[in-house]
Amino acid sequence: MTAFLCTGGAGFIGSGFVHRLLARDETDTVTVLDALTYAGNRANLPDDPRCTLVEGSVCDAALVDELVAGCDVVVHFAAESHNDNSLNDPSPFIQTNIVGTFTLLEAVRRHGKRLHHVSTDEVYGDLELDDPNRFTPTTPYNPSSPYSASKAASDHLVRAWVRSFGIHATLSNCSNNYGPRQHVEKFIPRQVTGIIDGVRPKLYGAGLNVRDWIHVDDHNDAVLDIIERGRPGTTYLIGADGEMDNKSVIELILELMGEPADAYDHVNDRAGHDLRYAIDASLLRDELGWRPRYTSFRDGLAATIDWYRGNEDWWRPTKAATEAKYAAKGQ
Ligand code: NAD
Ligand code: DAU
1 MTAFLCTGGA
11 GFIGSGFVHR
21 LLARDETDTV
31 TVLDALTYAG
41 NRANLPDDPR
51 CTLVEGSVCD
61 AALVDELVAG
71 CDVVVHFAAE
81 SHNDNSLNDP
91 SPFIQTNIVG
101 TFTLLEAVRR
111 HGKRLHHVST
121 DEVYGDLELD
131 DPNRFTPTTP
141 YNPSSPYSAS
151 KAASDHLVRA
161 WVRSFGIHAT
171 LSNCSNNYGP
181 RQHVEKFIPR
191 QVTGIIDGVR
201 PKLYGAGLNV
211 RDWIHVDDHN
221 DAVLDIIERG
231 RPGTTYLIGA
241 DGEMDNKSVI
251 ELILELMGEP
261 ADAYDHVNDR
271 AGHDLRYAID
281 ASLLRDELGW
291 RPRYTSFRDG
301 LAATIDWYRG
311 NEDWWRPTKA
321 ATEAKYAAKG
331 Q
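Using UniProt numbering, the first residue of the sequence shown is number 1, and each one after it goes up by one.
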């Protein structure tokens, strides 16, 4: 019987975590602290008396202090999460990702609570396409965008609070997630919902950039394993050996949706676009025995496409405004 505080629990990955947590154990409860930004949606949360939504910011020190005091375990998902937005306006990324994490850490320190910090592989920068190495927990930090730099800063704060103040925290850095309830600004949902609307997919630049895809449920299972059995102060990398270049992902989406594989357009590239991410998840696999359940990206993607086809009411309200932002940049 554990009382969880889940920041950012109304977003894509955080809401997946809440669903898995409550399905797994009948006695756990979860309080979701979420600012309900454009990326947060209360409809993402389960209709369950054990789940309570508190609308507010991780930067609100008084609110965070009260909620941390009342829980057993804090799981920190809340963030501004989209690279393209961070290039348009870095300011909220500094506030939420850095100041918000600092605010949470101070409350965790005061109340002696267990924390898991959710982060990204982007803190390590990018790899050449032919680099035989993948990211490991000892890869030097080298972030490229305002988003990834703000996440790197948040990781450094957590590590410093572990070393200097002895807080009981773990960290995880995961690769690109896909699955249900991902905002239509992100690569896969953008293309899938575009095709449903008869709009051709948009590939940044030549599309040779590689991402290491993992299903959101596999990410959240790893987070649960780390919370239960991870060593204090340890960073675990989460990835499912899912490297694929963007062009191939678009061709697969088109094929699965019954369209010609070349029915897409090249658009302006992202400034500072990272070339390749690749995760070595050996520590997670060897120490905690985690294994991904979604071993076929093709099957996971087909199920994700079905979810967007069946949940138009969920994504339709945000689609036009999201596309207007892209159009302004020729993307
Ligand atoms: P998301 O944008 O879908 O959700 C973020 C959530 O945080 C939203 O519900 C939003 O309302 C909330 N939020 C934003 N600012 C807040 C604030 N100041 N206070 C409280 N809540 C706030 O993001 P996501 O893709 O679900 O990512 C969740 C976490 O996982 C982030 O920390 C991200 O860096 C990390 N991550 C994401 C991926 C990925 O592929 N999406 C991969 C690795 C790590
Ligand atoms: O690696 C983990 C990160 O993955 C997370 O930390 C981020 O929160 C998450 O957004 C994601 O970052 P990316 O920038 O890799 O994801 P995005 O979905 O924005 O883009 C994936 C790739 O697709 C990237 O190379 C850019 C490209 N792209 C994106 C869009 C939106 C396109 O080619 N066309 C598009 O329309």
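Note that CB positions come from ideal geometry on N, CA and C, so glycine has one too.
query = Taking 8 Å as the cut-off, is the CB of residue 243 close to at least one heavy atom of ligand 2?
reply = Working through the sequence shown from its first residue, we reach residue 243 at position 243. No, Cβ of residue 243 sits at least 8 Å from all heavy atoms of ligand 2.
key: Every unbroken beta strand (DSSP E) inside the stretch 94-133 [3 residues or more]   = 114-120
inquiry  = Taking its Cβ as the centre, do 16 or more other Cβ atoms sit within 10 Å of residue 155, making it buried, or is it exposed?
reply    = In the sequence shown, counting from the first residue as 1, residue 155 sits at position 155. Buried, because 16 or more other Cβ atoms sit within 10 Å of the Cβ of residue 155.
Any non-hydrogen atom of ligand 4 within 8 Å of residue 199 CB = Annotation note on ligand 4: not contained in the displayed structure, which lists ligand 1 and ligand 2 as its ligands.
Own chain partners of residue 147 with C-beta closer than 6 Å, once the 5 adjacent residues on each side are dropped = Taking the sequence shown and counting its residues from 1, the one referred to as residue 147 is at position 147. Here the set comprises 83, 86 and 93.
message = By DSSP's criteria, residue 279 is part of a beta bridge. Which residues make up the other side?
response = Position 279 of the sequence shown, counted from the start, is the residue given in the question as residue 279. In DSSP, residue 279 forms a bridge with 135.
ask   = For residue 319, is the beta carbon positioned less than 8 Å from some heavy atom of ligand 2?
value = As a working note, residue 319 is residue 319 in the sequence shown. Residue 319 Cβ: outside cutoff for every heavy atom of ligand 2.
ask   = When the Cα of residue 7 is compared with those of 78, 262 and 110, which residue comes out closest?
value = One-based indexing of the sequence shown puts residue 7 at position 7. The candidate whose alpha carbon is nearest that of residue 7 is 78.
ask   = Who pairs with residue 204 in a beta bridge, going by DSSP?
value = Residue 204 sits at position 204 when you count from the first residue of the sequence shown. According to DSSP, residue 204 bridges with 267.
request  = To the nearest angstrom, report how far apart residue 202 and residue 71 are at their CA atoms.
outcome  = To locate residue 202, count along the sequence shown from 1; it is residue 202. To locate residue 71, count along the sequence shown from 1; it is residue 71. So the alpha carbons of these two residues sit roughly 44 Å apart.
task = Could you tell me which residues DSSP pairs with residue 4 in its beta bridges?
result = As a working mapping, residue 4 is identified with position 4 in the sequence shown. Paired residues: 30 and 73.
query = Say the cut is 8 Å; is the CB of residue 7 nearer than that to a heavy atom of ligand 1?
reply = Along the sequence shown, read from residue 1 onward, the residue named residue 7 stands at position 7. Correct: residue 7 has its Cβ closer than 8 Å to ligand 1.
key: Rounded straight-line distance, which links the Cα of residue 117 to that of residue 329   = Numbered from its first residue, the sequence shown carries residue 329 at position 329. Numbered from its first residue, the sequence shown carries residue 117 at position 117. Rounded to the nearest angstrom, the two C-alpha atoms are 33 Å apart.
task = Identify every residue that forms a DSSP beta bridge with residue 169.
result = Position 169 of the sequence shown, counted from the first residue, corresponds to residue 169. Partner(s): 115.
key: Cutoff 8 Å; reference residue 161; Cβ partners in own chain excluding five residues on either side   = Your numbering for residue 161 matches position 161 in the sequence shown. Taken in chain order, the residues that qualify are 105, 108, 109, 167 and 169.
request  = Return the residue from the list 222, 293, 242 and 307 that minimises the CA-CA distance to residue 287.
outcome  = The residue you call residue 287 lines up with position 287 of the sequence shown. The candidate whose alpha carbon is nearest that of residue 287 is 222.
key: ligand 2 heavy atom lying under 8 Å from the CB of residue 305   = Looking up residue 305 in the sequence shown gives position 305. The answer is no for residue 305.
inquiry  = What does the alpha-carbon distance come out to for the pair residue 321 and residue 38?
reply    = Here residue 321 corresponds to residue number 321 of the sequence shown, with the count starting at 1. Here residue 38 corresponds to residue number 38 of the sequence shown, with the count starting at 1. Roughly 10 Å between the two C-alpha positions.
key: Rounded straight-line distance, which links the Cα of residue 27 to that of residue 271   = As a first step, residue 271 must be located in the sequence shown, where it is residue number 271. As a first step, residue 27 must be located in the sequence shown, where it is residue number 27. For residue 271 and residue 27, the distance between alpha carbons rounds to 47 Å.
query = How do the stretch 56-75 and the stretch 250-260 stand: do at least 3 beta-carbon pairs fall below 8 Å, yes or no?
reply = no
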